[in-house]
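Number of protein chains: 2
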Amino acid sequence: MPQGTEKTDICSRLRETGLRPTRQRLALGELLFGQGDRHVTAEMLHEDAVRNKVPVSLATVYNTLHQFTQAGLLREVSVDRSKTYFDTNVTSHHHFYCEHSGTLFDVPDNQIGIVGLPVAPDGMEITRIDVVVRVTKKSTNDAT
Amino acid sequence: MPQGTEKTDICSRLRETGLRPTRQRLALGELLFGQGDRHVTAEMLHEDAVRNKVPVSLATVYNTLHQFTQAGLLREVSVDRSKTYFDTNVTSHHHFYCEHSGTLFDVPDNQIGIVGLPVAPDGMEITRIDVVVRVTKKSTNDAT
DNA sequence: ATTTGTGCAAATCGTTTGCATCTGA
DNA sequence: TCAGATGCAAACGATTTGCACAAAT
């Protein structure tokens, strides 16, 4: 996986949105975008950072995650009230969510489509449509 | 609005699921199912109860909401990490969610359809598909 | 030098839990 | 009577916030 380009890319994208390319932000950006699509929670990214010798505080991870989201680099996904996931894939796509393990993953390609787009009531407009396909382990022998 | 029938109905349904039809549960059931479809949070229902001279504690509201959900009387909807909504409409349908006001409401009829149901990976099976159409106030003059 | 970001710890907020009391069957 | 339900307040866990210090331009 040839890269090194991402760093520069992130750097520019941060500048574009007025975010200073600080040590932490670049490092977190590397972790987030240097490994393909990821679905992380603040805690997961924090652990990942520490594991990779990038000592950032949880608070900074939260800040960064939100700043990146606002900058359009990440997409926030709410599937469970207990945790907030951030998806590095900002293109239009949907998710599988396993309540069993709390895992979130993309629905391959665009296997899912929507028909009959409803009209938003009042003076509202649709900003986005989230589809979450909830799954569980098959109960063939549910004795997990 | 002719009713009174709901109470009995709730009573039986509670019994069916092994839940004692207590004063609080019946009262909350009335509030929940006596006014058509509702999308409430624990706090909303609690306020509603107090307002209607049904003094229940927040804890009991939470308990009841979860018990009703487990009994199949309610459906839990996660749209925002900050609040959990409970929908009195347990049939298959989807939602509009206005991030502006934090309001949740049903998509009329089944204006929305899904095409290309994906296959669940591994040994998993789909339990349910949630579609949330996020909307905001039209930015005609966004100076709210 | 100035401004913006970071870390820590305390503060929030929705939700859950423990336990003593009360209620329904 | 007795298991199950309720209320209260303390406990919780994820996220946010305030403020002193550090880093980037």
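Residue numbers (our numbering), protein chains in the order written: chain A, 1 to 144; chain B, 1001 to 1144.
Here a beta-carbon is modelled for each residue, glycine too, at the ideal position from N, C-alpha and C.
Rounded distance between the beta-carbons of residue j and residue i, thought under 8 angstroms
i          : j          : result
B/Val-1040 : B/Phe-1068 : Contact doesn't hold; Cβ gap of about 11 angstroms is too wide.
A/Ala-42   : A/Leu-28   : 11 angstroms between Cβ atoms; not a contact.
A/Thr-88   : A/Leu-74   : 6 angstroms
A/Ala-59   : B/Phe-1096 : Actually they do not touch by this definition, with Cβ atoms about 34 angstroms apart.
A/Asp-80   : B/Ser-1078 : 6 angstroms
A/Leu-32   : A/Arg-38   : 6 angstroms
A/Val-132  : B/Pro-1118 : So it is not a contact: roughly 12 angstroms between Cβ atoms.
Backbone CA spacing between residue i and residue j [nearest angstrom]
i          : j          : result
A/Gln-125  : A/Gly-113  : In the sequence as displayed, the identity of residue 125 of chain A is Glu instead of Gln. The straight-line gap from Cα to Cα measures roughly 20 angstroms.
B/Asp-1109 : B/Ser-1101 : 23 angstroms
A/Val-56   : B/His-1094 : 40 angstroms
A/Gly-18   : A/Cys-11   : 11 angstroms
B/Leu-1014 : A/Asp-122  : 38 angstroms
B/Ala-1070 : A/Thr-22   : Ala is not the amino acid found at residue 1070 of chain B; the sequence shown has Gln there. Their backbone Cα atoms lie some 48 angstroms apart in a straight line.
A/Gly-116  : A/Thr-136  : 28 angstroms
A/Arg-134  : A/Gln-111  : 15 angstroms
B/Leu-1065 : A/Glu-16   : 46 angstroms
B/Arg-1128 : A/Arg-20   : 42 angstroms
B/Phe-1105 : A/Arg-51   : 43 angstroms
A/Pro-2    : A/Met-44   : Caution is warranted here: a pLDDT of 47 is assigned to A/Pro-2, below 50, making its placement in the model unreliable, and no coordinate value can be reported.
A/Glu-99   : B/Glu-1076 : 13 angstroms
A/Glu-30   : A/Glu-47   : 14 angstroms
B/Ser-1139 : A/Gly-34   : 36 angstroms
B/Thr-1103 : A/Lys-53   : 43 angstroms
B/Tyr-1062 : A/Tyr-62   : 29 angstroms
8 angstroms Cβ cutoff, residue i in contact with chain B
i         : result
A/Val-115 : yes
A/Ile-126 : yes
A/Asp-80  : yes
A/Arg-15  : no
A/Asp-130 : yes
A/Phe-86  : no
A/Val-135 : yes
A/Phe-96  : yes
For residue i, the three-state DSSP class (helix, strand or coil)
i        : result
A/Gly-29 : helix
Any C-beta of chain A under 8 angstroms from that of residue i
i          : result
B/Gly-1072 : no
B/Cys-1011 : no
B/Gln-1067 : no
B/Ala-1120 : yes
B/Val-1061 : no
B/Val-1090 : no
B/Gly-1123 : yes
B/Gln-1111 : yes
B/Lys-1138 : yes
B/Val-1040 : no
B/Pro-1146 : Nothing about residue 1146 of chain B can be read from this structure; chain B reaches only from 1001 to 1144.
At what residue ranges does the region 48–135 of chain A contain a whole run of the alpha helix (DSSP H), taking only runs of 4 or more? Correct list: 58–70.
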